[in-house]
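**Q** Can you read through this structure? Questions will come right after.
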Amino acid sequence: MPRLASEIDLAGFRNEARELLAHQVPPHEVKWETVHTLNDELFDPPATAADQRSRSIPKAATAIVPASFLRLCEVVVLHHDPQRFALLYRLLWRLVHEPTLRNDPLDADMLHAQQMAQAVRRDMHKMKAFVRFRQVADESHPGEVLHVAWFEPAHHVVEAVAPWFARRFTNIRWAILTPERSVRWDLERLLFGPGASRQDAPAADAGEALWLTYYESIFNPARLKMRQLHKEMPRKYWDNLPEARLIGELSAQAQERSGAMIDQPAQPPQRRIPRPVAVEPEDTLARDGIDSLEQLKAATLRCRECPIGEFATQSVNGEGRLHAPLMFVGEQPGDQEDLQGHPFVGPAGKLLDRALEALGIPRDIVFVSNAVKHFKFELRGKRRIHKSPTQREAAACLHWLEDEIALVQPKALVALGATAARSLMGHAVSVTAERGKWLQRADGRKVLITLHPSALLRMDPEEKDAAFDAFVADLKKAKSVL
Ligand code: URA
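Position 467 of the sequence shown, counting from 1, maps to 473 under my numbering, and the rest follow consecutively.
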């Protein structure tokens, strides 16, 4: 009767199973039990049968099983079925004693285990989708807010899903309560504890009214499919979902609202991507009310014409001499540029400097800028990972770039990569096909197309030297402008 330390004690199961296998104990002679852990911190795990046996017997032999079986075990162990450990041990036994099992896609035990794994994965997915946090005052951190959610998973998935929530909500304190386990994120660690009851979680908070208004306004009656909705959002989760309260009412109005939508006269289609502004330099300066680089900086710092500016530290504008003959245009500031407030000072900037040095071009005689003035990123843990701006975002920023061109009045430009090329030319440019070539803008200025230095940084080490030489060869064509 092996005893496992908790409902999800995979390591214990592996130890016990290895021992049982080494002692040739057939599955029908084994009865698996789990000990419900009440508080991980307070109680040591109980001594298991494997612990006791391992004091008196030599180390167990290692069974070789496919890696896919181990991955299956990791998930099936989280299923609520008390027979799961018996099933897994039976499968393990059979994998060792029946070599044909690994090639039998229709084996009943294997299919059963796979169905269990699927049910667990579905439950993990539902937990990610249907947890709704509500705010309460955090008693252990006076003046701060704790986000608390109640959820009733069908399987033992809390430990498995908690790291996902920690990555997704890294910067807030939160707790998820379930009947069996609770988990809390204190901004540094996940702390697991015993289960709770629904009353321990707040029923509503001030933000809920806002969320309901938002849900109501994005609800599209023409797309409502009740059967699909019930499948994706089963009724048992509705109690936790504030928006579920609206569904009945909104679905009752759906037919009427979609009828009204159909009755409306047709409207001309809207362009998804704003048309790039006309390349009329004086025009954009006058429209933006800008007549110096300092004024431009003040304006971009405030700019919220697209969502990127909200999250960046500051705007990063171009730098260099007014009337520099040559202007380099990159994509957008990176992490270092965002923190320091200067363009091309991070790894891509170092590479650009190296190329300029190879050509004998001092950086201070050119102007270096970007198509987009704010850093767009995605938070992964504590790291800010660069995300390319969308065409819309680059188009929204274009008038600032045109202002810069109008103020600096370069004779020619170098487009570093596809985003810069699109912004400068007003249409998509294939960098692979056009690199090393001069194109001409509507304002008559010539634009040399080449790669973005970051593209070189991402290459395999053995390709880097040749790619750098080709990059320098492209830039050499711009030297005559100087
Ligand atoms: N990449 C860019 O396009 N611009 C910078 O300023 C830095 C990295």
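Glycine included, C-beta positions come from ideal geometry on N, C-alpha and C.
#1: Report buried or exposed for Q446, applying the criterion of at least 16 other Cβ atoms within 10 angstroms of its Cβ.
#2: Closer than 8 Å is the cut-off here; do at least three beta carbon pairs connect the stretch 96–116 with the stretch 131–144?
#3: Straight-line CA distance for M130 to G423?
#4: Verify the contact flag: G352, CB atom, against every heavy atom of the ligand URA, threshold strictly below 8 Å.
#5: For F383, which of helix, strand or coil comes out of DSSP?
#6: Give me the Cα-Cα distance between L196 and D480, rounded to the nearest whole angstrom.
#7: Among all the DSSP beta bridges, which residues are the ones paired with E39?
#8: Nearest to Q124 by CA position, among H86, L302 and M267, is which residue?
#9: Rounding to the nearest angstrom, what Cα-Cα distance links A66 and A28 in this structure?
#10: Per DSSP, what are the beta-bridge partners of S375 in this structure?
#11: Within 9 Å of any Cβ in chain B, is that where the Cβ of D245 sits?
#12: Is it true that the CB of N376 sits closer than 9 Å to the CB of F342?
#13: Go ahead and pull the three-state DSSP assignment for A484.
#14: Between L216 and H236, what straight-line distance do the alpha-carbon atoms span, to the nearest angstrom?
#15: Pick out whichever of S203, A155 and G265 has its Cα sitting closest to the Cα of F139.
#16: For E399, count neighbouring Cβ atoms within 10 angstroms of its own Cβ and tell me buried if that reaches 16, exposed if not.
#17: Hey, how far is the Cα of L413 from the Cα of T438?
#18: Regarding L462 and the ligand URA, is the C-beta to nearest heavy atom distance less than 8 Å?
#19: Sorry if obvious, but does the Cβ on N376 come closer than 8 Å to a heavy atom of the ligand URA?
#20: Hey, how far is the Cα of R59 from the Cα of P148?
#21: Is any non-hydrogen atom of the ligand URA found closer than 8 Å to the C-beta of Q338, if you look at the structure I gave you?
#22: I need the DSSP call for E262, collapsed to helix, strand or coil.
#23: Count the other CB atoms, across all protein chains shown, that sit within 10 Å of the CB of E47; report buried if there are 16 or more and exposed otherwise.
#24: Locate the beta strand (DSSP E) running through R390, then write down its first and last residues.
#25: Can you tell me the Cα-Cα spacing of E158 and H118, whole angstroms?
#26: Return the bridge partner residues of Q141 from the DSSP annotation.
#27: With a cut-off of 8 Å, do at least 3 Cβ pairs link the stretch 313–331 to the stretch 379–392?
#28: In whole angstroms, what is the alpha-carbon distance linking D192 and I367?
#29: Would V322 and P349 qualify as a contact pair, given that the criterion is a beta-carbon distance under 9 Å?
#30: Taking all protein chains shown into account, decide if Y95 is buried (16 or more other Cβ within 10 angstroms of its Cβ) or exposed.
#31: Considering only DSSP beta bridges, list what A181 is partnered with.
**A** A quick look at the data gives this:
#1: By 1-based counting over the sequence shown, the position of residue 446 is 440. Counting Cβ neighbours within 10 Å, Q446 comes out exposed, since fewer than 16 surround it.
#2: Contact between the stretch 96–116 and the stretch 131–144 is absent: fewer than 3 CB-CB pairs across the two stretches fall below 8 Å.
#3: Here residue 130 is taken as the residue at index 124 of the sequence shown, counted from 1. Here residue 423 is taken as the residue at index 417 of the sequence shown, counted from 1. Each residue's alpha carbon lies about 40 Å from the other.
#4: Counting from 1 along the sequence shown, the entry for residue 352 is found at position 346. In terms of side-chain proximity, the C-beta atom of G352 is found nearer than 8 Å to a non-hydrogen atom of the ligand URA.
#5: Mapped onto the sequence shown, residue 383 falls at position 377. When secondary structure is reduced to three states using DSSP, F383 falls in the strand class.
#6: In the sequence shown, the residue the question calls residue 196 occupies position 190. In the sequence shown, the residue the question calls residue 480 occupies position 474. Answer to the nearest angstrom: the Cα atoms are 51 Å apart.
#7: As a working mapping, residue 39 is identified with position 33 in the sequence shown. Looking at the DSSP assignment, E39 forms a beta bridge with R9.
#8: For the purposes of this step, residue 124 is identified with residue 118 of the sequence shown, where counting begins at 1. Taking only the C-alpha atoms, the option nearest Q124 is H86.
#9: Against the sequence shown, residue 66 aligns to sequence position 60. Against the sequence shown, residue 28 aligns to sequence position 22. The pLDDT assigned to A66 is 45, lower than 50, so where the model puts this residue is not dependable, and the model offers no usable value.
#10: Position 369 of the sequence shown holds residue 375. DSSP lists V335 as partners of S375.
#11: You won't find chain B in this structure, because it holds only one protein chain.
#12: To locate residue 342, count along the sequence shown from 1; it is residue 336. To locate residue 376, count along the sequence shown from 1; it is residue 370. Residue identity differs from the one stated: residue 342 is Gln in this sequence, not Phe. Cβ distance not < 9 Å, so Q342 and N376 don't count as in contact.
#13: As a working note, residue 484 is residue 478 in the sequence shown. Of the three classes helix, strand and coil, the one that applies to A484 here is coil, per DSSP.
#14: By 1-based counting over the sequence shown, the position of residue 216 is 210. By 1-based counting over the sequence shown, the position of residue 236 is 230. Roughly 24 Å between the two C-alpha positions.
#15: Sequence index remark: in the sequence shown, residue 139 carries index 133 (1-based). For the residues S203, A155 and G265, the minimum Cα distance to F139 belongs to A155.
#16: Position 393 of the sequence shown, counting from 1, holds the residue named residue 399. Buried.
#17: Numbered from its first residue, the sequence shown carries residue 413 at position 407. Numbered from its first residue, the sequence shown carries residue 438 at position 432. Straight-line Cα distance between these residues: approximately 30 Å.
#18: Position 456 of the sequence shown, counted from the first residue, corresponds to residue 462. The ligand URA never approaches L462 closely enough for any of its heavy atoms to be under 8 Å from the residue's Cβ.
#19: Looking up residue 376 in the sequence shown gives position 370. N376 Cβ: within cutoff of the ligand URA.
#20: For the purposes of this step, residue 59 is taken as residue 53 along the sequence shown, with counting starting at 1. For the purposes of this step, residue 148 is taken as residue 142 along the sequence shown, with counting starting at 1. Unreliable placement is indicated for R59, whose pLDDT of 49 sits below 50; the coordinate value is still reported in the next sentence. Distance between the alpha carbons of R59 and P148: 50 Å.
#21: Along the sequence shown, one-based indexing puts residue 338 at 332. Answer for Q338: yes, Cβ within range of the ligand URA.
#22: As a position in the sequence shown, residue 262 is number 256, starting the count at 1. Three-state DSSP puts E262 in a helix.
#23: Your numbering for residue 47 matches position 41 in the sequence shown. Unreliable positioning characterises E47 in this predicted model, as indicated by a pLDDT of 41, which lies under 50. The coordinate reading is nonetheless provided below. Burial call: exposed.
#24: As a first step, residue 390 is located in the sequence shown; it is residue number 384 there, counting from the start. Run containing R390: R389 to H392, per the beta strand (DSSP E) assignment.
#25: As a working note, residue 158 is residue 152 in the sequence shown. As a working note, residue 118 is residue 112 in the sequence shown. Distance between the alpha carbons of E158 and H118 is about 24 Å.
#26: Numbered from its first residue, the sequence shown carries residue 141 at position 135. Answer is H153.
#27: Taking one beta carbon from each stretch, the stretch 313–331 and the stretch 379–392 have 3 or more pairs nearer than 8 Å; the two touch.
#28: For this step, residue 192 is matched to residue 186 along the sequence shown. For this step, residue 367 is matched to residue 361 along the sequence shown. Looking at the backbone, the Cα of D192 and that of I367 are separated by about 51 Å.
#29: The residue you call residue 322 lines up with position 316 of the sequence shown. The residue you call residue 349 lines up with position 343 of the sequence shown. With contacts defined by Cβ atoms closer than 9 Å, V322 and P349 form a contacting pair.
#30: The residue labelled residue 95 in the question sits at position 89 within the sequence shown. Y95 comes out buried.
#31: As a first step, residue 181 must be located in the sequence shown, where it is residue number 175. Per DSSP, V154 and R190.
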